[in-house]
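Our numbering puts the first residue of the sequence shown at 355, with every later residue one more than the last.
This report refers to the structure that appears directly beneath it.
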Amino acid sequence: MVMRYALLIGLVFALSSCASIRQHTKDIFLYQQTIVLAIADILFFDAVTEKTENELYDYEEQINKNCGALQSAAIQRIRGEELSMELMREMFDNLDVCERSVQNAEMYLVSKGFRY
Numbered sequence: 355m356v357m358r359y360a361l362l363i364g365l366v367f368a369l370s371s372c373a374s375i376r377q378h379t380k381d382i383f384l385y386q387q388t389i390v391l392a393i394a395d396i397l398f399f400d401a402v403t404e405k406t407e408n409e410l411y412d413y414e415e416q417i418n419k420n421c422g423a424l425q426s427a428a429i430q431r432i433r434g435e436e437l438s439m440e441l442m443r444e445m446f447d448n449l450d451v452c453e454r455s456v457q458n459a460e461m462y463l464v465s466k467g468f469r470y
């Protein structure tokens with residue numbers, strides 16, 4: 355009986371952990387999309403100096419590089435395709451790096467007074 359109870363508790367924690375990881379991944383993806391769209395909006399519609407333009411392109415490039423696995427996974431999910439274990443591992447391994455890249459870009463936008 356004790357063993358069943360322990361297994362049940364373990365299962366509940368595992369399921370709640372999966373849900374929170376899924377939500378965290380979704381949050382990072384939406385955050386990344388928001389910042390990339392803000393950068394695109396600034397580049398297309400705001401008058402910025404060449405230096406600022408280059409910096410924005412650099413931030414966008416870093417986000418694309420560090421969030422590439424997350425973006426690929428999202429595209430595959432939208433298409434209804436199964437994610438490979440390799441892609442899932444790459445996505446989860448790079449999640450923190452992706453999030454930091456997005457945070458750096460957001461801090462840059464805020465420091466320059468851009469609103470998004």
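Every residue gets a Cβ at the ideal spot worked out from N, C-alpha and C, and that includes glycine.
Keep in mind that this is a model prediction, so the values were computed, not measured.
- A check of alpha carbon separations from Glu415 across Asp447, Phe468 and Gln386 identifies Gln386 as the nearest.
- Assigned with DSSP and collapsed to three states, Ala401 falls in coil, not helix or strand.
- Inter-segment contact for the stretch 446–454 and the stretch 421–432 is present: three or more beta-carbon pairs are separated by less than 8 Å.
- Residue burial is scored here from C-beta neighbours: Leu391 has fewer than 16 other C-beta atoms within 10 angstroms and is therefore classed as exposed.
- Residue environment: Phe383 is assigned as buried (16 or more neighbouring CB atoms within 10 Å of its CB, all protein chains considered).
- Judged by DSSP secondary structure, Gly422 falls within the alpha helix (DSSP H) whose first and last residues are Gly422 to Ile432.
- Using a Cβ distance threshold of 8 Å, Ala428 and Leu441 do not count as a contacting pair.
- Contact annotation: the stretch 459–468 touches the stretch 406–415, with at least three C-beta pairs closer than 8 Å.
- The residue from Gly467, Ile375, Thr388 and Ser374 with its alpha-carbon nearest to that of Ile417 is Thr388.
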